[in-house]
Amino acid sequence: MPNPTNFGLLEPSVMGDTRWFNFLFTNFLIGSQGNLTLTPGVDSTAAIQLTNAAGTPILTIDSTNSLIKTAGFQTGVSATAVALANAGTIATAGVGVARVAPAAAVTGIILQAGISSGQMVFIVNEAAVGNTIRFNTTPATANVANSANESIIPGLESRLFVWDAGPALWFPIGDPLINGTTITATSATSPDPGNSGTIATAGLGVTKVNPAGAETGVILAAGIIDGQEVTVVNTAAAANSITFAAAATSNVADGVSDVIAGLKSRTYVWESGTARWYPML
Numbered sequence: 046m047p048n049p050t051n052f053g054l055l056e057p058s059v060m061g062d063t064r065w066f067n068f069l070f071t072n073f074l075i076g077s078q079g080n081l082t083l084t085p086g087v088d089s090t091a092a093i094q095l096t097n098a099a100g101t102p103i104l105t106i107d108s109t110n111s112l113i114k115t116a117g118f119q120t121g122v123s124a125t126a127v128a129l130a131n132a133g134t135i136a137t138a139g140v141g142v143a144r145v146a147p148a149a150a151v152t153g154i155i156l157q158a159g160i161s162s163g164q165m166v167f168i169v170n171e172a173a174v175g176n177t178i179r180f181n182t183t184p185a186t187a188n189v190a191n192s193a194n195e196s197i198i199p200g201l202e203s204r205l206f207v208w209d210a211g212p213a214l215w216f217p218i219g220d221p222l223i224n225g226t227t228i229t230a231t232s233a234t235s236p237d238p239g240n241s242g243t244i245a246t247a248g249l250g251v252t253k254v255n256p257a258g259a260e261t262g263v264i265l266a267a268g269i270i271d272g273q274e275v276t277v278v279n280t281a282a283a284a285n286s287i288t289f290a291a292a293a294t295s296n297v298a299d300g301v302s303d304v305i306a307g308l309k310s311r312t313y314v315w316e317s318g319t320a321r322w323y324p325m326l
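Those letters in the sequence shown? Residues 46 to 326, by my numbering.
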């Protein structure tokens, strides 16, 4: 091993001695492929540290537990809040925070594909609350898992996504909230179910209907998981009610006695044991 008194004088032209240069850089630090490797002699919870001038650790590499510890973290932020338009793309390359500011509610949005699994990005909507973002309904186009049922991102809100390179999709993290309340996917239209028609529930927390008259024999599409909730909103005139079919047909526990008048709504909970929707009082 070279004389440690010369450590720090690593430039051969200064020292006229290439031993430290060869010892540290050629033999130990820089691999044949140009990669830089630092290997402590013994694993430690503070194997490598970067400190400020006062000696306070800013960055610590813990080789015992394979952790990186930092006093604070800041990720790349897009320089401007993009005026996102319908069918627009939100850039994710080189940023951890993607800022957008649509001038109105926009749909068909695409989230630019990620690079490696575990990559995360915050989508920050800096626009007014009503200027919402809705993704393209085709996951392969939107690059967002289950994009057709992904909740909107309202203005003045943000949402975190993580990239999974397996299916090549972004997955949302956590439940989206507006003013502290969980929001849920809502049907984009209010169709007329018709007599003996079916009200959709798949991927929806709120399903809207607009019956042309008082209709009977209506079916509420079966739920998927125990505890699933759906609210049926009748947007029609008060007299244009919906009466469900018998329980075995409608999937609604109280069957024909369950009537939703126009201008009213009702919330149901799916119970998988009986395979029925139960109305909330």
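C-beta atoms are modelled at their ideal positions from N, C-alpha and C, and glycine is treated no differently.
| If we count Cβ pairs, one from each stretch, closer than 8 Å, do we get three or more for the stretch 294–310 versus the stretch 262–282? | Taking 8 Å as the limit for Cβ pairs, the verdict is that the stretch 262–282 does touch the stretch 294–310.
| request: Would you check if the stretch 165–175 and the stretch 186–196 touch, i.e. whether three or more CB-CB distances between them fall below 8 Å? | output: Result no; under three Cβ-Cβ pairs closer than 8 Å.
| said: Residues in the same chain with beta-carbon distance under 8 Å from Gly141, minus the five sequence neighbours each way, listed in chain order, please. | reply: Taking the first residue of the sequence shown as position 1, residue 141 is located at position 96. Answer for Gly141: Thr120, Gly121, Val122, Met165, Val166 and Phe167, listed in chain order.
| Would you say Gly200 and Gly239 are within 8 Å of each other, going by their C-beta atoms? | Reading the sequence shown from its first residue, position 155 is the one you call residue 200. Reading the sequence shown from its first residue, position 194 is the one you call residue 239. No, they are not a contact pair.
| request: Report the three-state DSSP secondary structure of Ala185 (helix, strand or coil). | output: For the purposes of this step, residue 185 is identified with residue 140 of the sequence shown, where counting begins at 1. It is helical.
| Bounding residues of the beta strand (DSSP E) (the contiguous stretch that carries Ser203) | Here residue 203 refers to the residue found at position 158 when the sequence shown is read from its first residue. Element bounds for Ser203: Glu202 to Asp209.
| request: Compute the beta-carbon to beta-carbon distance between Val151 and Glu171, rounded to the nearest angstrom, for a pair I have assumed lies under 8 Å. | output: Walking along the sequence shown from the start, residue 151 turns up at place 106. Walking along the sequence shown from the start, residue 171 turns up at place 126. With 8 Å as the limit, Val151 and Glu171 do not qualify as a contact, their Cβ atoms being about 13 Å apart.
| task | Following the continuous beta strand (DSSP E) through Ala143, name the residue where it begins and the one where it ends. | result | For the purposes of this step, residue 143 is taken as the residue at position 98 of the sequence shown. For Ala143, the enclosing beta strand (DSSP E) stretches over residues Val142 to Val145.
| message | Tyr323 and Leu265 - do their beta-carbons sit closer together than 8 Å? | response | Translated into the one-based positions of the sequence shown, residue 265 becomes position 220. Translated into the one-based positions of the sequence shown, residue 323 becomes position 278. Result no, Cβ atoms of Leu265 and Tyr323 do not sit closer than 8 Å.
| query | So, using beta-carbon positions, are Ile154 and Gly139 closer together than 8 Å? | reply | Looking up residue 154 in the sequence shown gives position 109. Looking up residue 139 in the sequence shown gives position 94. For Ile154 and Gly139, no; Cβs fall outside 8 Å.
| said: Please classify Ser317 as buried or exposed, where buried requires at least 16 neighbouring CB atoms within 10 angstroms. | reply: Taking the sequence shown and counting its residues from 1, one reaches residue 317 at position 272. Result: exposed.
| task | Mark Ile113 as exposed unless 16 or more other C-beta atoms lie within 10 angstroms of its C-beta, in which case mark it buried. | result | Counting from 1 along the sequence shown, the entry for residue 113 is found at position 68. Looking at its Cβ environment, which holds fewer than 16 other Cβ atoms inside 10 Å, Ile113 is exposed.
| So, are the CB atoms of Ala281 and Asn255 less than 8 Å apart? | Taking the sequence shown and counting its residues from 1, the one referred to as residue 281 is at position 236. Taking the sequence shown and counting its residues from 1, the one referred to as residue 255 is at position 210. For Ala281 and Asn255, yes; Cβs fall inside 8 Å.
| field | Top-ranked residue by Cα proximity to Thr261, from Lys253, Val87 and Thr243 | value | Taking the sequence shown and counting its residues from 1, one reaches residue 261 at position 216. Minimum Cα distance to Thr261 is reached at Thr243.
| said: For the alpha helix (DSSP H) containing Thr246, name the first residue and the last one. | reply: Position 201 of the sequence shown holds residue 246. Taken as a continuous stretch (DSSP letters only), Thr246 belongs to no alpha helix (DSSP H), as it is neither H nor E.
| request: Given a cut-off of 8 Å, decide if Val251 and Trp215 are closer than it, judged by their beta-carbon atoms. | output: In the sequence shown, counting from the first residue as 1, residue 215 sits at position 170. In the sequence shown, counting from the first residue as 1, residue 251 sits at position 206. No, Cβ-Cβ distance for Trp215 and Val251 is not below 8 Å.
| query | What does DSSP give as the partner residues of Pro324 in its beta bridges? | reply | Working through the sequence shown from its first residue, we reach residue 324 at position 279. Partner(s): Tyr313.
| request: Could you pull the start and end residues of the alpha helix (DSSP H) that Thr294 belongs to? | output: Indexing the sequence shown from 1 puts residue 294 at position 249. Note, Thr294: alpha helix (DSSP H), Ala292 to Ser295.
| task | Would you give the residue range spanned by the beta strand (DSSP E) that Asp107 belongs to? | result | The count along the sequence shown starts at 1 and reaches residue 107 at position 62. In the DSSP assignment, Asp107 falls within the unbroken beta strand (DSSP E) covering Pro102 to Asp107.
| field | Gly300 - DSSP class collapsed to helix/strand/coil | value | Taking the sequence shown and counting its residues from 1, the one referred to as residue 300 is at position 255. Note: Gly300 maps to helix in three-state DSSP.
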